[in-house]
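Novice: Here's a structure for you.
Protein chains: 2
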Amino acid sequence: MSTRLPTLAVVGATGAVGTVMLDILSSRENVWGEIRLVASPRSAGKRLTVRGEEVEVQPLAPEVFDGVDVAMFDVPDEVSKEWAPVAAERGAVAVDNSGAFRMDPQVPLVVPEVNSDQARERPRGIVSNPNCTTLSMIVAIGALHRAYRLTDLFVASYQAASGSGQEGIDVLRDQTEKVASDRTLGTRPGDVRSAVGELGPFPAPLALNVVPWAGSLKEDGHSSEEMKVRNESRKILGHPDLRVAATCVRVPVITTHALSVHATFDTEVDAGTARDLLAAAPGVVVQDDPAGAEFPTPADVVGTDPTWVGRIRRSVDDPKSLDLFLCGDNLRKGAALNTAQIAEVVAGELTG
Amino acid sequence: MSTRLPTLAVVGATGAVGTVMLDILSSRENVWGEIRLVASPRSAGKRLTVRGEEVEVQPLAPEVFDGVDVAMFDVPDEVSKEWAPVAAERGAVAVDNSGAFRMDPQVPLVVPEVNSDQARERPRGIVSNPNCTTLSMIVAIGALHRAYRLTDLFVASYQAASGSGQEGIDVLRDQTEKVASDRTLGTRPGDVRSAVGELGPFPAPLALNVVPWAGSLKEDGHSSEEMKVRNESRKILGHPDLRVAATCVRVPVITTHALSVHATFDTEVDAGTARDLLAAAPGVVVQDDPAGAEFPTPADVVGTDPTWVGRIRRSVDDPKSLDLFLCGDNLRKGAALNTAQIAEVVAGELTG
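Protein chains in written order, with my numbering: chain A, 155 to 506; chain B, 155 to 506.
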């Protein structure tokens, strides 16, 4: 057993997820030896603080991966596609948070609470981190699936602006300022659209509105986000026959995705048992007492690690179905935290 | 055939829905003779404009219904419960927008585009107007049900603040002002809650948040709003076996409810045919070209009459299911407009 702690590279250290990642890495001791920060040449030379120390950001280049055990990637798909294999060639295990490799059958798609065993098989030297929307629910859904075996999943999302990165956050704040002062807005068609100014990454105004679109157009009118929820849920749960229907909607929330889920199982379910089962599941917190105004909301749970579940009900007309409302911080469990957890599983192998 | 135009009483003329009602009545000519405005004694004596004329608001009392043909009620449940039967005893047909009579088997629950024939049978002299959330989708869903016969309906709502009346609107505007100036909010647990001040009619902050609760607590953890969507959809469609599951969520939108709907039918469906069928349905507008950023959003369609439908897709994993996103102005079709339409159906009988 080696006593050397493994070396980590964080690629995309200066982005929205990267910033949360440095925060998470700073709160965990004795996992990593050297932490190397890497970003595009544009951001290289910046000095960022991790574990209380200033570290200079290095420009992305093949040599940066020499001696690295695990390389996390929080960069756009096309950057991951090019550079994760480079890191793997140089001997690092690449843990990638982009969409580039998620559906590659030779790349495991891992949520440690659900399928950590799959992180061990990585013929390409790459492990993928799921999409943030899938991650906001899958820990809880996985626990229910283990108990009752899922057959159908209907998901309607309430997705935060930060799913579109720092630009999404900035645009929502700008729009909120613009609509705040005029108390007549939101009553005539298009008055909000005229008031908000720049739409930024969103295809319609987000302040005082909801927008039924996230991602790009895929087959038959589905959005890329909706297809990711379907395809990634199936892969993570190891359930290729699961029927999934998702409608993804952006809402004026800064960070933390929420989801209304209608889940149907092979057997009859009971809300009380489901509640106990979820409460006992690692990474899940149950907050479910509507009489006492107890249910998770995005603004109340943002910045926390778990998947929060409330409104747990057996469907009135189907004893095999549950209705739930879930919240998960899309920058933490939905991105940086899960990537860090996967990296720790890999590190555990290397040092164990 | 009588040439006298029928007399209308508007009870609750000074409320949020009443205000929209006067606007709608002013845009329709030759339907009503006298229009009598009625409200609580507190608001009596006010002068409101309808059809360009100032009319003095009369206090609610039995005599106010003498000579009235149709009396619309936009008042709380307990006021309707007491006063709609009084209006009926005095010879008026009461068209009630409260929840007091909706599930009474002797009171029809009417959406003119779906079941106008049912307005003719009214043993108690009362016709009920459905809940705003049900009304935001049922015209479109009814058209699909006629073609394909519904078996299951899953609904996740994105409900506007005005569903909680003028107080809901005022509180959302106050909260929006309070969160607009601090660009750090929405990133730490509870920071929005500390900033927004009064919660008003909502059980959690609504600005920069979504709240998975609307109404009061009913059986097995369901909210009254969720039970209304189920029970009223079944009654309006005349389909007592329809399986419905709803999760109702409030969002920071001023007016216009939106819904993600997953609908399953007896037969295979096709998105193109469904789109054509919806486009041809009275009271429905299809806006569905995501490549061109064409889909309905609440802020874009507020203040309009139709039910707007977009994101029409056949479910990836079930050829008998459609996924849709719908918007409807909860103060117009969701309340005042549908009440006015029912009243016109009744008036047509009286004068025809």
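Beta carbons are placed, not taken as given, at the ideal position from N, Cα and C, and that holds for glycine.
Quantities reported herein were computed from a predicted structural model and do not represent experimental measurements.
Taking the CB atoms as reference points, tell me whether valine 268 of chain B and serine 282 of chain B lie closer together than 7 Å.
Specialist: no
Novice: Among the candidates A/Val211, A/Lys235, A/Ile323, A/Gly187, whose CA atom is the shortest distance from the CA of alanine 254 of chain A?
Specialist: A/Lys235
Novice: When you compare only the Cα positions, how much space is there between alanine 273 of chain A and arginine 256 of chain A?
Specialist: 13 Å
Novice: Could you give the distance in angstroms between the alpha-carbon of cysteine 481 of chain A and the alpha-carbon of glutamate 217 of chain B?
Specialist: 54 Å
Novice: List the whole-angstrom C-beta distance separating valine 164 of chain A from isoleucine 189 of chain A, where the pair is believed to meet the contact cut-off of C-beta under 8 Å.
Specialist: 7 Å
Novice: For the candidate residues A/Val185, A/Glu183, A/Leu176, A/Leu214, whose alpha-carbon lies nearest to that of valine 204 of chain A?
Specialist: A/Leu176
Novice: Helix, strand or coil for glutamine 260 of chain B, going by three-state DSSP, please let me know.
Specialist: Of the three classes helix, strand and coil, the one that applies to glutamine 260 of chain B here is coil, per DSSP.
Novice: Can you tell me which of A/Gly344, A/Ser270, A/Glu352 puts its alpha carbon nearest to the alpha carbon of isoleucine 390 of chain A?
Specialist: A/Ser270
Novice: Given a cut-off of 7 Å on the beta-carbon distance, is the pair proline 343 of chain A and glutamate 422 of chain A in contact?
Specialist: no
Novice: Leucine 362 of chain B CB to nearest chain A CB: under 7 Å?
Specialist: yes
Novice: Determine, using beta carbons only, whether serine 378 of chain B comes closer than 7 Å to chain A.
Specialist: Not an interface residue.
Novice: Give me, in chain order, the residues of the same chain whose beta-carbon lies closer than 6 Å to that of methionine 155 of chain B; leave out the 5 immediate sequence neighbours on both sides.
Specialist: Note on methionine 155 of chain B: pLDDT 45, under 50, position unreliable in the model; no value is reported.
Novice: My parser needs the alpha helix (DSSP H) runs of 4 or more residues fully inside the stretch 305–339 of chain A; what are they?
Specialist: 319–334
Novice: Shorter than 6 Å, the distance from the beta carbon of proline 460 of chain A to the closest heavy atom of the ligand PLP, or not?
Specialist: With respect to small molecules bound, the structure shown includes none, and the ligand PLP cannot be examined in it.
Novice: Check for me: the alpha helix (DSSP H) holding aspartate 430 of chain B runs from which residue to which?
Specialist: 425–434
Novice: At a Cβ cut of 7 Å, what residues of the stretch 471–491 of chain A count as close to chain B, listed as they run along the chain?
Specialist: Asp471, Asp472, Ser475, Asp477, Phe479
Novice: Taking just the CA atoms, how far does valine 438 of chain B sit from glycine 502 of chain A?
Specialist: 58 Å
Novice: With a Cβ-Cβ cutoff of 7 Å, do arginine 467 of chain B and glycine 375 of chain A count as a contact?
Specialist: yes
Novice: Considering glycine 502 of chain B, what are the terminal residues of the beta strand (DSSP E) in which it resides?
Specialist: No beta strand (DSSP E) contains glycine 502 of chain B, which is instead part of the alpha helix (DSSP H) from 491–505.
Novice: For serine 378 of chain A, which residues of its own chain have a beta-carbon under 6 Å away from its beta-carbon, when the five flanking residues on both sides are left out?
Specialist: Gly369, Ser370, Lys372
Novice: Do you know offhand how far alanine 471 of chain A's Cα is from alanine 400 of chain A's?
Specialist: Here residue 471 of chain A is aspartate; the residue named in the question, alanine, does not match the sequence. Taking the straight line from one Cα to the other gives about 21 Å.
Novice: In chain order, what residues of the same chain lie with their CB nearer than 7 Å to the CB of threonine 409 of chain B, ignoring the 5 residues before and after it?
Specialist: Excluding its 5 nearest sequence neighbours in each direction, threonine 409 of chain B has C-beta neighbours in its own chain below 7 Å: Ala314, Ser316, Val456, Asp483, Asn484, Leu485, listed in chain order.
Novice: Give a yes or no on whether the C-beta atoms belonging to proline 213 of chain A and proline 239 of chain A are separated by under 7 Å.
Specialist: Not a contact, by the Cβ cut-off of 7 Å.
Novice: Considering only C-alpha positions, which residue in the set A/Ser348, A/Lys382, A/Ser318, A/Val333 is nearest to glycine 354 of chain A?
Specialist: A/Ser318
Novice: Tell me the DSSP secondary structure of histidine 376 of chain A in three-state form.
Specialist: Three-state DSSP puts histidine 376 of chain A in coil, outside helix and strand.
Novice: Can you list, in chain order, the residues of its chain with a C-beta nearer than 7 Å to that of methionine 381 of chain A? Leave out the 5 residues immediately preceding and following it.
Specialist: Lys372
Novice: Suppose the cutoff is 8 Å on Cβ atoms and the five residues either side in sequence are ignored; what does the same chain contact list for aspartate 442 of chain B look like?
Specialist: Same-chain partners within the cutoff: Arg429, Glu448, Phe449, Val463, Gly464, Arg465, Ile466.
Novice: By the 10 Å Cβ neighbour count, where 16 or more other Cβ atoms means buried, how is glutamate 498 of chain B classified, buried or exposed?
Specialist: buried
Novice: Among A/Pro394, A/Asp306, A/Val325, which has the Cα closest to the Cα of alanine 361 of chain A?
Specialist: A/Val325
Novice: Quick one: which residues of the stretch 403–424 of chain B get their C-beta closer than 9 Å to a C-beta of chain A? List them in chain order.
Specialist: Val403, Val405, Pro406, Val407, Ile408, Thr409, Thr410, Ala412, Leu413, Ser414, Val415, His416
Novice: Glutamate 331 of chain A CB to nearest chain B CB: under 7 Å?
Specialist: yes
Novice: Counting only C-beta atoms, is threonine 458 of chain B closer than 7 Å to chain A at any point?
Specialist: So, interface residue.
Novice: Just checking: is the beta-carbon of alanine 445 of chain B within a distance shorter than 7 Å of some beta-carbon in chain A?
Specialist: yes
Novice: Taking C-beta pairs closer than 9 Å, name the residues in chain B that arginine 342 of chain A reaches, listed in chain order.
Specialist: Val456, Gly457
Novice: Tell me, please, whether the CB atom of alanine 334 of chain B is closer than 7 Å to any CB atom in chain A?
Specialist: yes
Novice: Quick check: is the beta carbon of proline 452 of chain A nearer than 7 Å to any beta carbon in chain B?
Specialist: Taking Cβ atoms only, chain B reaches closer than 7 Å to proline 452 of chain A, which makes this a yes.
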